[in-house]
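**Q** In the working numbering, the protein residues as written are 6 to 477.
I have a structure here, written as structure tokens, and I will follow up with some questions on it.
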């Protein structure tokens with residue numbers, strides 16, 4: 006089997022299994038935990054995610070990039086990247102303690118939950134180094150082989166911890182156990198491929214790796230801080246860790262939804278990178294087609310989520326009115342988030358990664374100021390509005406820069422037509438009385454297809470052309 010085909014198959018299986026297990030974990034946490042406990046564990050997981058990206062520092066990309074160019078350097082990168090990440094992890098652990106204990110004054114049990122989650126995120130960051138080494142030698146099937154048992158054990162342990170109503174720290178430990186097990190399994194397998202005993206520790210190598218990875222590191226950290234700032238500021242401004250729960254019920258659901266688009270973004274990145282240097286007219290066409298394809302999925306999805314936001318958020322269990330209000334705003338924000346992700350791919354494919362540091366830095370400041378203004382007035386929905394405002398501001402900046410420097414113009418007419426028929430279809434489903442919640446999306450899709458045909462929003466030729474793009 007050719008490496009490209011093999012890797013595509015196993016990465017597909019890895020992502021499908023990962024998304025499925027992540028959704029199962031979400032259902033378990035929502036179904037078993039009280040609002041207070043759900044708030045505590047999601048707050049801890051958010052801090053853990055920030056810590057993971059603080060440790061990553063762009064090193065994984067560097068290892069996979071330079072390791073693919075020279076296999077002989079992979080063991081050296083393996084050892085040195087682990088060492089750098091351990092130091093970064095120690096710094097973050099100390100900083101987190103200062104924030105949690107000396108500034109926020111949260112209880113020791115809550116600190117324990119945060120640090121258990123942070124340990125799991127740290128292990129995932131360390132595992133990222135080993136993953137990058139396997140990526141460099143194009144043996145990605147080992148991601149799937151080693152992660153599957155780790156995830157299965159973790160889900161089982163989480164179920165037992167929740168079923169027997171153990172202290173919340175055990176649930177956090179069950180989630181973290183996945184990354185610990187994966188690190189040791191993948192690490193053991195890696196010793197068959199990489200000879201580490203002959204690697205000499207070198208500070209010059211560390212200096213090179215830090216110098217090469219810092220722009221991407223800064224961008225990734227700003228980006229994850231931007232994405233998690235709303236949760237942190239809800240806890241800080243409302244002075245209540247339990248206020249995080251109603252917001253994260255919605256935001257975690259939206260995170261799972263956005264993962265549906267990741268496959269397309271991953272697929273078009275190498276094509277855009279190649280066309281940038283070989284055929285910029287084709288680059289523009291693929292970009293415009295990608296905007297339409299992404300909007301054709303995100304706009305109807307956002308309508309379905311926002312029209313019946315309260316029903317979705319209270320489908321598994323009663324989560325209250327606030328979660329529905331948050332989901333309604335974040336569902337609108339989904340479209341801008343996807344467009345901004347596509348714009349980020351544009352700047353990366355055009356070798357303008359350092360500009361992203363500036364863009365995300367501006368987004369962090371905008372989000373901070375918006376949250377500071379809106380949360381005291383509107384509480385959790387204010388944080389959702391702050392996220393929407395910062396995404397609008399970020400979109401305006403990147404669209405303007407893309408148009409000036411790359412002459413890339415976002416298509417307007419077709420997305421507006423898709424939005425119009427999506428709203429029309431949502432209204433058509435809304436006026437039908439007594440439809441069960443799980444039936445509404447199917448009726449909506451039927452109305453949407455009929456509207457697209459009647460108003461000629463997307464012709465047969467366009468469907469064939471977009472399908473060709475998707476297949477490629």
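Beta carbons are placed, not taken as given, at the ideal position from N, Cα and C, and that holds for glycine.
1) Helix or strand or just coil, what does DSSP make of residue 448?
2) Identify, in the order they occur along the chain, each residue of the same chain with its Cβ nearer than 6 Å to the Cβ of residue 250, setting aside the five sequence neighbours on each side.
3) Using beta-carbon positions only, say whether residue 450 and residue 437 come within less than 8 Å of one another.
4) Quick check: the Cα distance between residue 299 and residue 291, rounded to an integer number of angstroms?
5) Report yes if the CB atom of residue 362 is closer than 8 Å to the CB atom of residue 213, and no otherwise.
6) Near residue 310, which residues of its chain fall below 7 Å by C-beta distance, leaving aside the five closest residues on each side in sequence?
7) By how many angstroms is the C-alpha of residue 54 removed from the C-alpha of residue 106?
8) Nearest to residue 338 by CA position, among 81, 365, 255, 50, is which residue?
9) Within this structure, are the beta carbons of residue 151 and residue 194 separated by less than 8 Å?
10) Secondary structure at residue 170, three-state DSSP: helix, strand or coil?
11) Report buried or exposed for residue 172, applying the criterion of at least 16 other Cβ atoms within 10 angstroms of its Cβ.
12) Going along the chain, which residues of its own chain have a beta-carbon closer than 6 Å to the beta-carbon of residue 352, five neighbours each way excluded?
13) If you compare alpha carbons, which of 402, 28, 340, 308 is closest to residue 160?
14) Quick one: is residue 75 buried, meaning 16 or more other Cβ sit within 10 Å of its Cβ, or exposed?
15) Determine, using beta carbons only, whether residue 60 and residue 93 come nearer to each other than 8 Å.
16) Report the option in 463, 461, 434, 441 whose CA atom is closest to the CA atom of residue 452.
17) To the nearest angstrom, how far is it from the Cα of residue 280 to the Cα of residue 289?
18) Taking contact to mean 3 or more Cβ pairs, one atom from each stretch, closer than 8 Å, check whether the region 29-38 and the region 196-204 are in contact.
19) Since residue 127 and residue 57 are thought to touch, with beta carbons under 8 Å apart, how far apart are those beta carbons, to the nearest angstrom?
20) Any chance you could list the alpha helix (DSSP H) runs of at least 4 consecutive residues sitting entirely within the region 291-354, in chain order?
21) In terms of residue numbering, what span does the alpha helix (DSSP H) encompassing residue 224 cover?
22) Between residue 330 and residue 384, what straight-line distance do the alpha-carbon atoms span, to the nearest angstrom?
23) What separation, rounded to the nearest whole angstrom, lies between the Cα atoms of residue 407 and residue 414?
24) Give the straight-line distance between the Cα atoms of residue 399 and residue 248, rounded to the nearest whole angstrom.
25) Does DSSP put residue 420 in a helix, a strand or coil?
26) Tell me the residue span of the alpha helix (DSSP H) that contains residue 266.
27) If we count the other Cβ atoms within 10 Å of its Cβ and call it buried at 16 or more, is residue 323 buried or exposed?
**A** Looking at the coordinates:
1) helix
2) 40, 43, 44
3) no
4) 12 Å
5) no
6) 317, 332, 336
7) 19 Å
8) 255
9) yes
10) coil
11) exposed
12) 360, 361
13) 28
14) exposed
15) yes
16) 434
17) 9 Å
18) no
19) 7 Å
20) 314-318, 326-354
21) 208-242
22) 11 Å
23) 8 Å
24) 27 Å
25) helix
26) Unbroken run through residue 266: none, as it is neither H nor E.
27) exposed
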